[in-house]
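Note sheet for the following structure.
In this note's numbering, the protein residues as written are 1 to 323.
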């Protein structure tokens, strides 16, 4: 059985690479679009990155087509937003004729459905086998668990904890490999979701910090643009966002202590967000004056109409989001 699994992995190696590239492009597309619509910095670079990712998905993923792409789990599960704004971002890009795809990729969904059906219809023979003693080995979950002392993130910490327990519960080499593969695929989705959500919520503050450094008309206009964009995605203004437990915890644990200490940060791991806000604020702090977000938040904000957040097929209320 294990030899058959290895042969299958070898035969599917090219598809696995393409699958990884598609997942990366989904993440890059929406991260770049979010930055393009909320920041005055590197707008052309972000737009070009979004366009490149869009064109890659258009030419490599048969499911990436107008109106129907959001129905695919690989897209829907990565996006925290439930509003129509992502569709509006893509509206002007659906101008190419539908591309043709390699036959193996076009037939993948049919083959996958047939394979799953065969698994469900398997025989009832069950041969009890004594569990093997599997030595505990370090995994990526340990890196993210250790990371909490440096950069706290409840979403990634919970996923890492679940992964650690699942891997430790495996009693065979095949079982451990299956669990590790499943948790890794889940992590790719969870990391994209987490980074997009927190980047959305922090976008108005990042725009303010950028203006605090640059003090020009373009960066000032970007503050209002970021607030409007964030409101269109989650239905909240900057003051309401600061009261969301997920944001409040991030500011309390990661942002304010490092800002007060003037402490630089080496870099973010996959799935983390907020480093750009910290970097801009540290640069702002070095200039005359002090870091003050409140003075740049308009006195009259758009009324809050919080939109629910999509998380693994469930809709969660935004304002109580603690995860």
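From the three backbone atoms N, C-alpha and C, an ideal C-beta is built for every residue, glycine too.
For residue 248 versus residue 226, is the C-beta spacing smaller than 7 Å? Within the chain shown, the letter at position 248 stands for residue 248. Within the chain shown, the letter at position 226 stands for residue 226. For residue 248 and residue 226, no; Cβs fall outside 7 Å.
Less than 7 Å separating the beta-carbons of residue 210 and residue 41? Working through the chain shown from its first residue, we reach residue 210 at position 210. Working through the chain shown from its first residue, we reach residue 41 at position 41. Yes, the Cβ-Cβ distance between residue 210 and residue 41 is below 7 Å.
Cα-Cα separation, residue 270 to residue 93: Walking along the chain shown from the start, residue 270 turns up at place 270. Walking along the chain shown from the start, residue 93 turns up at place 93. Answer to the nearest angstrom: the Cα atoms are 28 Å apart.
Proximity to residue 237 [Cα-Cα], best of 145, 114, 203: As a position in the chain shown, residue 237 is number 237, starting the count at 1. Of the listed residues, the one whose Cα sits closest to residue 237 is 203.
Output yes or no for whether 7 Å exceeds the beta carbon distance between residue 179 and residue 167. Numbered from its first residue, the chain shown carries residue 179 at position 179. Numbered from its first residue, the chain shown carries residue 167 at position 167. The answer is yes: Cβ separation under 7 Å.
To the nearest angstrom, report how far apart residue 246 and residue 254 are at their CA atoms. Walking along the chain shown from the start, residue 246 turns up at place 246. Walking along the chain shown from the start, residue 254 turns up at place 254. One C-alpha to the other measures close to 12 Å.
Here's the rule I'm using: 16 or more other beta-carbon atoms within 10 Å means buried, otherwise exposed. How should residue 20 be labelled? The count along the chain shown starts at 1 and reaches residue 20 at position 20. Around the beta-carbon of residue 20, fewer than 16 other beta-carbon atoms lie within 10 Å, marking it exposed.
Could you tell me if residue 22 is buried or exposed, where buried requires 16 or more neighbouring beta carbons within 10 angstroms of its beta carbon? Taking the first residue of the chain shown as position 1, residue 22 is located at position 22. Under this definition residue 22 is a buried residue.
Just to confirm, is the Cβ distance from residue 46 to residue 30 under 7 Å? Within the chain shown, residue 46 is the residue found at index 46, counting from 1. Within the chain shown, residue 30 is the residue found at index 30, counting from 1. Their beta carbons are not under 7 Å apart, which means residue 46 does not touch residue 30 by this criterion.
Just list the residues that DSSP pairs residue 310 with in beta bridges. The residue you call residue 310 lines up with position 310 of the chain shown. Per DSSP, 315.
What are the start and end residues of each continuous alpha helix (DSSP H) run of 4 or more residues lying completely inside the segment 229 to 316, in chain order? 238 to 241, 245 to 250, 256 to 261, 275 to 285, all fully within the segment 229 to 316.
Short Cβ contact (7 Å threshold) for residue 159 with residue 190: Sequence index remark: in the chain shown, residue 159 carries index 159 (1-based). Sequence index remark: in the chain shown, residue 190 carries index 190 (1-based). The Cβ-Cβ distance between residue 159 and residue 190 falls below 7 Å.
When we look at the beta-carbon of residue 78 and count the other beta-carbons within 10 Å, is it buried (16 or more) or exposed? Counting from 1 along the chain shown, the entry for residue 78 is found at position 78. With at least 16 other beta carbons inside 10 angstroms of its own, residue 78 counts as buried.
So for residue 116, helix, strand or coil by DSSP? Along the chain shown, one-based indexing puts residue 116 at 116. Under the three-state reduction of DSSP output, residue 116 falls in the helix class.
Between which two residues does the alpha helix (DSSP H) containing residue 29 stretch? Residue numbering aside, residue 29 sits at position 29 when the chain shown is read from its first letter. Counting along the chain, the unbroken alpha helix (DSSP H) around residue 29 starts and ends at 13 to 38.
For residue 197 and residue 241, which I take to be in contact (beta-carbon distance under 8 Å), what is that distance rounded to the nearest angstrom? In the chain shown, the residue the question calls residue 197 occupies position 197. In the chain shown, the residue the question calls residue 241 occupies position 241. Not confirmed; about 11 Å, so no contact.
Less than 8 Å between C-beta atoms, sequence neighbours within five positions excluded: which residues of the same chain meet that for residue 145? Taking the chain shown and counting its residues from 1, the one referred to as residue 145 is at position 145. Only residues of its own chain outside the window of five on either side were considered, and among them 157, 160, 161, 164 have a CB closer than 8 Å to the CB of residue 145, listed in chain order.
At which residue ranges does the segment 174 to 239 contain complete alpha helix (DSSP H) runs of 4 or more residues, listed in the order of the chain? Whole alpha helix (DSSP H) segments, 4+ residues: 217 to 234.
Quick check on DSSP: helix, strand or coil for residue 64? Taking the first residue of the chain shown as 1, we reach residue 64 at position 64. DSSP places residue 64 in coil when its eight states are reduced to three.
Backbone secondary structure at residue 54 - three-state DSSP: As a first step, residue 54 is located in the chain shown; it is residue number 54 there, counting from the start. Helix, per DSSP.
Note the first and the last residue of the continuous alpha helix (DSSP H) segment covering residue 76. In the chain shown, counting from the first residue as 1, residue 76 sits at position 76. Start and end: 73 to 76.
How big is the Cα-Cα spacing for residue 17 and residue 54? Position 17 of the chain shown, counted from the start, is the residue given in the question as residue 17. Position 54 of the chain shown, counted from the start, is the residue given in the question as residue 54. The C-alpha of residue 17 lies about 18 Å from the C-alpha of residue 54.
Spatial distance of residue 140 from residue 12 (CA atoms): Along the chain shown, read from residue 1 onward, the residue named residue 140 stands at position 140. Along the chain shown, read from residue 1 onward, the residue named residue 12 stands at position 12. Distance between the alpha carbons of residue 140 and residue 12 is about 24 Å.
Using C-beta distances below 6 Å, list every residue in its chain close to residue 320, excluding the 5 sequence neighbours before and after it, in chain order. Residue mapping note: residue 320 aligns to position 320 of the chain shown, counting from 1. For residue 320, where only same-chain residues beyond five positions count, there are no Cβ hits under 6 Å.
If you count every other CB in all the chains shown that lies within 10 Å of the CB of residue 112, and 16 or more means buried, which is it? In the chain shown, the residue the question calls residue 112 occupies position 112. With fewer than 16 other Cβ atoms within 10 Å, it is exposed.
In terms of residues, what are the limits of the alpha helix (DSSP H) holding residue 41? By 1-based counting over the chain shown, the position of residue 41 is 41. Taken as a continuous stretch (DSSP letters only), residue 41 belongs to no alpha helix (DSSP H), as it is neither H nor E.
Neighbourhood of residue 287 by C-beta, 8 Å cutoff - its chain only, sequence neighbours within 5 removed: Here residue 287 refers to the residue found at position 287 when the chain shown is read from its first residue. The residues are 212, 213.
Going by Cα to Cα distance, which pick from 86, 170, 273 is closest to residue 194? The residue given as residue 194 occupies position 194 in the chain shown. Of the candidates 86, 170, 273, the one whose C-alpha sits nearest the C-alpha of residue 194 is 273.
Hey, how far is the Cα of residue 110 from the Cα of residue 316? Working through the chain shown from its first residue, we reach residue 110 at position 110. Working through the chain shown from its first residue, we reach residue 316 at position 316. One C-alpha to the other measures close to 32 Å.
Can the beta-carbon of residue 49 be found less than 7 Å from the beta-carbon of residue 33? Walking along the chain shown from the start, residue 49 turns up at place 49. Walking along the chain shown from the start, residue 33 turns up at place 33. Taking 7 Å as the Cβ cut-off, residue 49 and residue 33 do not qualify as a contacting pair.
Bounding residues of the alpha helix (DSSP H) (the contiguous stretch that carries residue 88): Counting from 1 along the chain shown, the entry for residue 88 is found at position 88. For residue 88, the uninterrupted alpha helix (DSSP H) segment begins and ends at 85 to 90.
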